[in-house]
Amino acid sequence: CVTGTNKLWDNPIHNMVGYNNPCAFWDQPPALYFAFLAFCPMVYLAIRYAHLDSLRAKLELAQTRSTHAISAINWLYAASQCIVMGIFVVTPMVAKSDWSHKQPPTQEEVQKMHHHMRLHSAFFLQLVPCLCLAIVANYVEGYMSGVKLSNKQYFIVSYYIVTTILETVCASYAIFGYQGRYLKDEPQYYQLPPWFMQMIDYAWFISLPMVTIVAPPAPNIIIKYSLEREEKQAQPCLPPSILGAG
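Residue numbers 35 to 280, in this note's numbering, belong to the letters of the sequence shown in order.
Printed below as a string of structure tokens:
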């Protein structure tokens with residue numbers, strides 16, 4: 035999955051926050067090439083979802099302010115899924131083999147690594163709150179259409195919202211506040227304790243299947259297609275004087 039077993043313990047993400055999150059397994063070739071292909075259908079499905087869920091909201095809730103808000107959230111989520119593909123365009127810079135504590139990278143090289151890591155992370159982190167809005171909107175849409183939510187659903191969606199806020203805030207602080215050199219074993223540069231950030235990170239990833247599995251049911255949309263039949267237009271009847279002219 036990753037090139038070289040040492041990359042699991044010596045990569046930009048691990049050196050920055052002190053642990054590996056799932057992104058560390060596809061940030062570098064050859065895993066990067068397979069991950070890019072796996073993410074492509076998500077963009078199509080997000081756009082398709084935005085269209086169909088907005089249509090369902092209009093049919094179910096009529097033309098109200100709520101339907102406009104749901105539609106805006108859906109298309110924001112679709113745009114966010116397009117933007118997240120940037121993680122495959124701007125990847126974290128891997129430390130050179132000759133870098134070490136005795137021969138560290140230059141300030142210019144460190145700034146370049148900061149630029150890559152922060153832009154790469156921004157592409158991903160913007161998806162976290164946008165995805166939360168889309169999922170929570172599903173619960174609101176179900177509630178407004180008459181679906182009774184259980185205590186279990188309230189608990190799980192609340193847990194998901196809390197982990198989303200913590201993931202967005204803490205990950206942003208840990209990444210954008212990092213001033214280290216991306217070298218192995220430099221814990222003095224960690225912005226947050228690794229165990230704390232790892233707990234939040236994995237709690238958010240675990241919440242994703244939970245909140246979607248118990249999502250309120252939504253009615254299916256029936257769409258019928260048919261070909262338009264072009265009927266020949268009847269020729270206008272001309273008066274005899276015109277027909278006999280000439």
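Glycine included, every Cβ here is placed at the ideal spot set by N, Cα and C. Model, not experiment: these values are computed from the prediction.
DSSP on residue i, reduced to helix/strand/coil?
| i | result |
| --- | --- |
| Pro64 | strand |
| Asn185 | helix |
| Pro163 | helix |
| Gly16 | In the structure displayed, the chain extends from 35 to 280; residue 16 sits before or after that span and is not available. |
| Thr125 | coil |
| Gly38 | For Gly38, the predicted structure reports a pLDDT of 48, less than 50, and the residue's modelled location is therefore unreliable. A value from the coordinates is still provided. Gly38: coil per DSSP, three-state reduction. |
| Gly211 | coil |
| Lys146 | helix |
| Thr197 | helix |
| Asp87 | helix |
| Trp229 | helix |
| Gly280 | In this prediction, Gly280 has a pLDDT of 47, which is less than 50 and means its spatial position is unreliable; nothing more can be read from the coordinates. |
| Pro75 | helix |
| Gln137 | coil |
| Val248 | coil |
| Asn108 | helix |
| Lys258 | coil |
| Gly120 | helix |
May I have the straight-line CA-CA distance separating residue i from residue j, to the nearest angstrom?
| i | j | result |
| --- | --- | --- |
| Asn45 | Ile121 | 16 Å |
| Met76 | Gln137 | 42 Å |
| Gln187 | Ile195 | 12 Å |
| Ala72 | Ile209 | 25 Å |
| Val36 | Tyr177 | With a pLDDT of 45 at Val36, under the threshold of 50, the modelled position of that residue is not reliable, and no figure is offered here. |
| Leu277 | Glu264 | Bear in mind that a pLDDT of 46 at Leu277, under 50, signals an unreliable position, so the number given afterwards is only what the model happens to contain. Whole-angstrom Cα-Cα distance: 28 Å. |
| Met50 | Val128 | 12 Å |
| Ser206 | Ile81 | 27 Å |
| Cys74 | Gln115 | 10 Å |
| Pro56 | Ala69 | 12 Å |
| Trp43 | Asn54 | 8 Å |
| Ile190 | Tyr111 | 21 Å |
| Gly211 | Lys258 | 53 Å |
| Leu79 | Ala96 | 25 Å |
| Val18 | Phe158 | A question about residue 18 goes unanswered here, because the residues of the chain that appear run from 35 up to 280. |
| Trp109 | Ala84 | 5 Å |
| Ser192 | Lys182 | 16 Å |
| Leu165 | Ser105 | 14 Å |
| Gly38 | Met231 | The predicted model places Gly38 with a pLDDT of 48, which falls under 50 and marks its position as unreliable; any figure quoted below should be read in that light. Cα to Cα, the separation comes out at about 25 Å. |
| Gln141 | Ala113 | 35 Å |
Are the Cβ atoms of residue i and residue j separated by less than 8 Å?
| i | j | result |
| --- | --- | --- |
| Ile240 | Leu200 | no |
| Asp61 | Pro126 | yes |
| Ile117 | Gln160 | yes |
| Ala249 | Tyr173 | yes |
| Pro163 | Thr198 | yes |
| Pro228 | Gly52 | yes |
| Leu153 | Val124 | yes |
| Ile47 | Ala65 | no |
Checklist entry - So does the stretch 136-154 actually touch the stretch 206-219, counting three or more Cβ pairs closer than 8 Å? => result yes
Checklist entry - Are the stretch 162-182 and the stretch 81-95 in contact at 8 Å, needing three or more beta carbon pairs? => result yes
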